[in-house]
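2 protein chains.
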Amino acid sequence: MDYSKLDGLIPAVVQDHATGEVLMVGFMNADAVERTVQTGFATFFSRTRGALWTKGETSGNRLQVEQMLVDCDEDTLLLRVKRLGDGNVCHTGERTCFFRDYVRDS
Amino acid sequence: MDYSKLDGLIPAVVQDHATGEVLMVGFMNADAVERTVQTGFATFFSRTRGALWTKGETSGNRLQVEQMLVDCDEDTLLLRVKRLGDGNVCHTGERTCFFRDYVRDS
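Protein chains in written order, with this note's numbering: chain B, 3 to 108; chain W, 3 to 108.
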């Protein structure tokens, strides 16, 4: 992986494995990628807290990785996941973080 | 939109509107977002060239935006698109940039 373009981070797109719905985008550093592969649960690097966080570690809404794809130039990951818990990925309580139309609702 | 987290840029996930397939991730600045909305074709900011580029402007494989969604904290966009031209989005000739399994193929 090429972590050089964003100061050690890469974007990771999270997609529902069953429905194809795009749920969120997080950032990972090399440690987060390793933790994700080792545990099978999506783990990100929090830019605000400067630490790793496993999505759903408190809420129970963890993201179980079914497939992990890398893009052509190795600077982005796509995680196809199964939603655990109540399945609401967004901290607002929505299923996905992408619930608002940019043009119509802005 | 919040462009402050990545020095004026936001990630933009491109998804096939019909199939749900995630095709690529690019970066946009405010000008690229405006150009995308105005023209209806996905336009990104090239970090290497330091300039806007409309995907497919030379190949004809443009990405016609069917829906543009913003995430909860307004720092990421999701573009649901129709593929024009031969429909191969990746510069390698693949349909999608995410054609390689990170775990199995690395």
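Ideal Cβ positions, reconstructed from N, Cα and C, are used throughout, including at glycine. Nothing here was measured: the structure is a model prediction, and the numbers come from that model.
Inset, instruction - Could you check what DSSP says for W:ARG181 in three-state terms: helix, strand or coil? - result: Any answer about residue 181 of chain W is impossible in this case: the structure gives chain W only from 3 up to 108.
Inset, instruction - Specify whether the segment 28 to 48 of chain W and the segment 69 to 84 of chain B touch according to this definition: at least 3 beta carbon pairs, one from each stretch, less than 8 Å apart. - result: no
Inset, instruction - Find out if the Cβ-Cβ distance for the pair W:GLY89, W:VAL67 is shorter than 9 Å. - result: no
Legend entry - Assumed close pair B:ASP46, B:GLY22 - CB separation to whole angstroms, cut-off 8 Å: Correcting the residue identity first, residue 46 of chain B is Phe in this sequence and not Asp. So it is not a contact: roughly 21 Å between Cβ atoms.
Legend entry - chain A contact for W:LYS7 (CB, 9 Å cutoff): Protein chains B and W are contained in the structure displayed, whereas chain A is not.
Legend entry - Those runs of the alpha helix (DSSP H) which lie wholly inside the segment 13 to 87 of chain W and span at least 4 residues: Correct list: 32 to 41.
Inset, instruction - Please report how far the alpha carbon of B:ASP15 lies from the alpha carbon of B:THR78, in whole angstroms. - result: Before going further, note that residue 15 of chain B is Val rather than Asp in the sequence given. For B:VAL15 and B:THR78, the gap between their C-alpha atoms comes out near 8 Å.
Inset, instruction - Report the residue from B:HIS93, B:ARG49, B:ARG106, B:ASP75 whose alpha carbon sits nearest the alpha carbon of B:MET26. - result: B:HIS93
Inset, instruction - Taking only beta-carbon positions, decide if B:ARG51 is within less than 9 Å of chain W. - result: no
Legend entry - Inter-residue spacing [alpha-carbon to alpha-carbon] between B:GLY52 and W:GLY87: 43 Å
Inset, instruction - Given a cut-off of 9 Å, decide if B:VAL24 and B:PHE100 are closer than it, judged by their beta-carbon atoms. - result: yes
Inset, instruction - Classify W:GLY95 as buried or exposed, calling it buried when 16 or more other Cβ atoms lie within 10 Å of its own Cβ. - result: exposed
Inset, instruction - Consider the C-beta atom of B:ASP103 and the heavy atoms of the ligand PLP; say whether any pair is separated by less than 8 Å. - result: The ligand PLP is not among the ligands present in this structure, which contains no ligands whatsoever.
Legend entry - Same chain, Cβ closer than 8 Å to W:ARG64, neighbours up to 5 away in sequence not counted: PHE43, ALA44, THR56, LYS57, GLY58, LEU86, GLY87
Legend entry - Within chain W, the residues that B:THR56 reaches when beta carbons sit closer than 8 Å: Within chain W, no residue comes near B:THR56; the closest Cβ sits about 18 Å away, beyond 8 Å.
Inset, instruction - Could you tell me whether any Cβ in chain W is nearer than 9 Å to the Cβ of B:THR45? - result: no
Inset, instruction - Kindly indicate which residue of B:GLN69, B:ASP75, B:VAL39 has the alpha-carbon position closest to the one of B:ALA20. - result: B:GLN69
Inset, instruction - Would you check if the distance between the CB atom of B:VAL72 and the CB atom of W:ASP18 is smaller than 9 Å? - result: no
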